[in-house]
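Counted from 1, the sequence shown has number 66 at position 66 by full-length UniProt numbering; the numbering is strictly sequential. Think of the CB as a built atom: it goes at the ideal place given N, C-alpha and C, for glycine as much as any other residue. These notes concern the structure reproduced below.
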Amino acid sequence: MDLLFAVVGWIGAVLLLAGYVLVTQSRLPGDGAAYQLMNLLGSLGLMASSAYSAAWPSAGLNLIWAGIGVLALIKLARVGAST
Numbered sequence: 001m002d003l004l005f006a007v008v009g010w011i012g013a014v015l016l017l018a019g020y021v022l023v024t025q026s027r028l029p030g031d032g033a034a035y036q037l038m039n040l041l042g043s044l045g046l047m048a049s050s051a052y053s054a055a056w057p058s059a060g061l062n063l064i065w066a067g068i069g070v071l072a073l074i075k076l077a078r079v080g081a082s083t
């Protein structure tokens with residue numbers, strides 16, 4: 001199980017960093033669904049890994065980060081549905 005949660009955490013970290021790099025290089029819009037999905041999945045991976053390791057401040061931060069991603073995706077879905 002240790003290895004599984006370590007891999008999940010590393011995948012989450014890669015997703016968050018890749019999204020950040022793509023946005024800062026203007027290769028991905030920061031207000032787009034792809035970036036928000038990368039943030040959501042990345043934060044969920046880091047949250048799971050942090051919680052498994054009992055790193056509660058990091059788990060809490062990533063829970064909030066995931067919530068922001070969910071809200072952003074809901075907003076994008078509503079805007080897309082109204083057009």
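8 Å Cβ cutoff met for residue i and residue j
{"i": "Gln36", "j": "Leu63", "result": "no"}
{"i": "Ala6", "j": "Ser49", "result": "yes"}
Residues of its chain near residue i, where Cβ-Cβ distance is below 6 Å and the 5 sequence neighbours each way are ignored
{"i": "Leu22", "result": "Leu28"}
{"i": "Leu76", "result": "Ala33"}
Limits of the alpha helix (DSSP H) - the one that residue i falls within
{"i": "Pro57", "result": "56 to 82"}
{"i": "Ser53", "result": "Note, Ser53: premise wrong, no alpha helix (DSSP H); not H, not E."}
{"i": "Asp31", "result": "Here Asp31 belongs to no alpha helix (DSSP H), and DSSP marks it neither H nor E."}
Closest residue to residue i among the options (Cα-Cα distance)
{"i": "residue 87", "options": "Leu3, Ala51, Asp31", "result": "Nothing can be reported for residue 87, as the shown portion of the chain is limited to 1 through 83."}
{"i": "Ser58", "options": "Ala18, Ala13, Ser26", "result": "Ala13"}
8 Å CB neighbourhood of residue i in its chain, flanking five on each side removed
{"i": "Leu15", "result": "Met38, Asn39, Leu41, Gly42, Gly45"}
Residue i beta carbon near the ligand MN (any heavy atom closer than 7 Å)
{"i": "Ser50", "result": "Ligands are entirely absent from the displayed structure, and the ligand MN is therefore not among its contents."}
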